[in-house]
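Just below is one structure, and these are the notes that go with it.
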Amino acid sequence: MIELGLQRISRLVQHCPPISWKAVHIAGTNGKGSIVSYISSLFAHSGIRCGAFTSPHLVDRWDCITIDNNAVKQSVFLAAEEKIKQVDRTLGVGASEFELLTATAFQIFEQEKIDIGVIEVGLGGRLDATNVLTEKDVLVSVVSKIGLDHQKILGDSLEQIAREKAGIMKKNVACVVDATNETGVMNVLRKCADNAGTRLIPVTTDSATKQFNSLSAIFDSVRLEPHQQTNASVAVTAAQLAISLHRPQSTKNTFEGILSKAITACPRPGRQQLIDLRPLVSRAAPVLLDGAHNPQSAVVLGQYVESRIRRDEKPLVWILAMSEGKSMDEILDTIIRPNSGDYIATVEFGAVDGMPWVRPCESTALAGEVSKVQGLGEIKSFGADLKGALRWAEGKAVALGTNDNEGSIVIAGSLYLVGSVLRELREAGMQNGN
Numbered sequence: 000m001i002e003l004g005l006q007r008i009s010r011l012v013q014h015c016p017p018i019s020w021k022a023v024h025i026a027g028t029n030g031k032g033s034i035v036s037y038i039s040s041l042f043a044h045s046g047i048r049c050g051a052f053t054s055p056h057l058v059d060r061w062d063c064i065t066i067d068n069n070a071v072k073q074s075v076f077l078a079a080e081e082k083i084k085q086v087d088r089t090l091g092v093g094a095s096e097f098e099l100l101t102a103t104a105f106q107i108f109e110q111e112k113i114d115i116g117v118i119e120v121g122l123g124g125r126l127d128a129t130n131v132l133t134e135k136d137v138l139v140s141v142v143s144k145i146g147l148d149h150q151k152i153l154g155d156s157l158e159q160i161a162r163e164k165a166g167i168m169k170k171n172v173a174c175v176v177d178a179t180n181e182t183g184v185m186n187v188l189r190k191c192a193d194n195a196g197t198r199l200i201p202v203t204t205d206s207a208t209k210q211f212n213s214l215s216a217i218f219d220s221v222r223l224e225p226h227q228q229t230n231a232s233v234a235v236t237a238a239q240l241a242i243s244l245h246r247p248q249s250t251k252n253t254f255e256g257i258l259s260k261a262i263t264a265c266p267r268p269g270r271q272q273l274i275d276l277r278p279l280v281s282r283a284a285p286v287l288l289d290g291a292h293n294p295q296s297a298v299v300l301g302q303y304v305e306s307r308i309r310r311d312e313k314p315l316v317w318i319l320a321m322s323e324g325k326s327m328d329e330i331l332d333t334i335i336r337p338n339s340g341d342y343i344a345t346v347e348f349g350a351v352d353g354m355p356w357v358r359p360c361e362s363t364a365l366a367g368e369v370s371k372v373q374g375l376g377e378i379k380s381f382g383a384d385l386k387g388a389l390r391w392a393e394g395k396a397v398a399l400g401t402n403d404n405e406g407s408i409v410i411a412g413s414l415y416l417v418g419s420v421l422r423e424l425r426e427a428g429m430q431n432g433n
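In numbering that gives the first Met the number 0, the protein residues as written are 0 to 433.
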């Protein structure tokens, strides 16, 4: 069960070392993770010691906390977590898993003496545990693309959700906003900014490429999709502002000098990631991993698949899983093309460490929704047997004669599924001595 609120996390952090680092605080529905990655890379290439806190974790519980783009060691994480849990027990706070995780991240950042922490909101914004950060802590706030997700908690309309996300705005702290948000969302964000005493900085790819002369050529060289160009534009604008506040002596020319390396080096695991799954499977062709899990991110995935993955109108092979409560029909209608002959395996991801409230929808139910799409090939439910689904998908892909460099297997529907695949890949590599 998700329990939002700032009372418990406030009690925890009051009894922890005071925050001596500054923060960039990021809310939104889609693009938050990419923006965190871009900003972290920009800071690292600017010589700023940077921490980042994202959610959910991808493979291990501690990989959601990084220092200079490297996940913290398990031993460091567990030691810091135990300190926080001891405070929780002593005070009888009864903090939630995410509140404990947030306080653990802040504890580690203090230990590691970071300069700036890039903090991703867990859920919503106004009542999210990360919003324990105050106006004296935050250099810049960011609001990414807002879409429909977690409606039972945040509200049924984009405008309601936008109000919750805007809850991270602070007086006298500028807020950089993805200006491609819908008009109604932008109107809400402007009103919230006025009420909070916040300067709103709307950003588009066009506005960013005009402000930073080299950006357009960089986007072309790394072949960024339009939505990632927007995310990178938001990140570059926010990072440059944060650096100018943190280092008043810094210049825009110096910042422009690191843009190419920082954007090119930016990792985005689990998001349009082409990956070799050997030795988990035997075929060499890369597989596409994507954590698209709501209608808006599904649109982006669908466009990417049709423009980059599908070749010569050949069928694709999909492995899909989703969390309980997701809009299965909306997501499937966007990513699965009718009359394509595509083959679909449905699976269930395993228990998510530290997130007991997250559950997969039953693979049979998901297969039932898939079957409503006309003109598909075989649809098969595998329950929790991910390895079985991978073997089946590999067999179908080989039989279809699509074993090429573009990859014809797509694994999508949930970041938790992506994490399960990456864990299986790691274990298979360890068994093979890699």
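All C-beta atoms, glycine included, are put in the ideal place defined by N, C-alpha and C.
From a predicted model like this one, the values you see are computed outputs, not experimental measurements.
- The DSSP assignment places complete beta strand (DSSP E) segments of no fewer than 3 residues inside the segment 294 to 350 at 316 to 319 and 342 to 345, in order along the chain.
- Within the model, the alpha-carbon separation for Thr263 versus Gly124 is close to 30 Å.
- Secondary structure in the segment 189 to 219: the alpha helix (DSSP H) runs of 4 residues or longer, each lying completely within the stretch, are 204 to 210 in chain order.
- Below 8 Å, too few C-beta pairs join the segment 291 to 307 and the segment 339 to 359 to call them touching: fewer than three.
- Assignment of Asp177 by DSSP, reduced to helix, strand and coil, places it in the strand class.
- Between the segment 186 to 200 and the segment 258 to 276, the count of Cβ pairs shorter than 8 Å is below three; the stretches do not touch.
- Collapsing the DSSP output to three states places Lys379 in a strand.
- Cβ-Cβ separation between Lys144 and Thr179: approximately 7 Å, consistent with a contact (criterion under 8 Å).
- Residues of the same chain with a CB within less than 8 Å of the CB of Lys72, apart from the 5 flanking positions on each side, are Trp61 in chain order.
- Per DSSP, reduced to three states, the secondary structure at Lys112 is coil, with no helix or strand assignment.
- The three-state reading of DSSP puts Glu134 in coil, since its state is none of H, G, I, E or B.
- Taken in chain order, the complete alpha helix (DSSP H) segments of 4 or more residues contained in the segment 80 to 109 number zero; there are none.
- In this chain, the beta strand (DSSP E) harbouring Ile64 covers Ile64 to Ile66.
- The count of Cβ pairs closer than 8 Å, one atom from the segment 42 to 62 and one from the segment 165 to 185, stays below three, leaving the stretches out of contact.
- With respect to Val316, Lys395 sits close: the two C-beta atoms are nearer than 8 Å.
- A straight line joining the alpha-carbon of Ala70 with that of Phe108 spans about 12 Å.
- A straight line joining the alpha-carbon of Gly50 with that of Ser156 spans about 33 Å.
- Closest option to Leu279, judged by alpha-carbon separation, among Thr65, Thr53 and Ala392: Ala392.
- Inclusion of Cys15 and Val86 in the CB contact set at 8 Å is warranted, their separation being smaller than that value.
- From the listed residues Gly290, Ile318, Pro285 and Glu377, the smallest Cα separation to Arg307 is found for Pro285.
- The Cβ-Cβ distance between Ser54 and Glu119 falls below 8 Å.
- Distance from the CA of Ile330 to the CA of Thr253, rounded to the nearest whole angstrom, comes to 43 Å.
- The alpha-carbon of Ser362 is positioned some 44 Å away from that of Trp20.
- Its Cα nearest to that of Asp311, the residue Gly400 stands out among Val409, Gly400 and Lys371.
- Contact check for Leu138 against Val23 passes: the beta carbons are separated by less than 8 Å.
- The residue among Ala207, Ser140, Leu100 and Asp177 with its C-alpha nearest the C-alpha of Gly196 is Ser140.
- For a cut-off of 8 Å, the C-beta gap from Val176 to Leu199 is around 6 Å, short enough to register as a contact.
- By the 16-neighbour rule on beta-carbons within 10 angstroms, Ser370 is exposed.
- An exposed status is given to Lys151, since fewer than 16 other beta-carbon atoms sit within 10 Å of its beta-carbon.
- Between Leu287 and Leu126, the beta carbon gap of about 35 Å keeps them out of contact (Cβ cut-off 8 Å).
- Under the DSSP definition of a beta bridge, Gly50 partners with Ile66 and Gly116.
- The beta carbon of Ser259 is closer than 8 Å to those of Ser213, Ile217 and Ser220 in its chain, skipping five residues each way along the sequence.
- A residue is called buried once 16 or more other Cβ atoms fall within 10 Å of its Cβ, and Glu368 is buried on that count.
- In the three-state reduction of the DSSP assignment, Lys21 falls in the strand class.
- Counted as a single uninterrupted DSSP element, the beta strand (DSSP E) harbouring Val286 occupies residues Val286 to Leu288.
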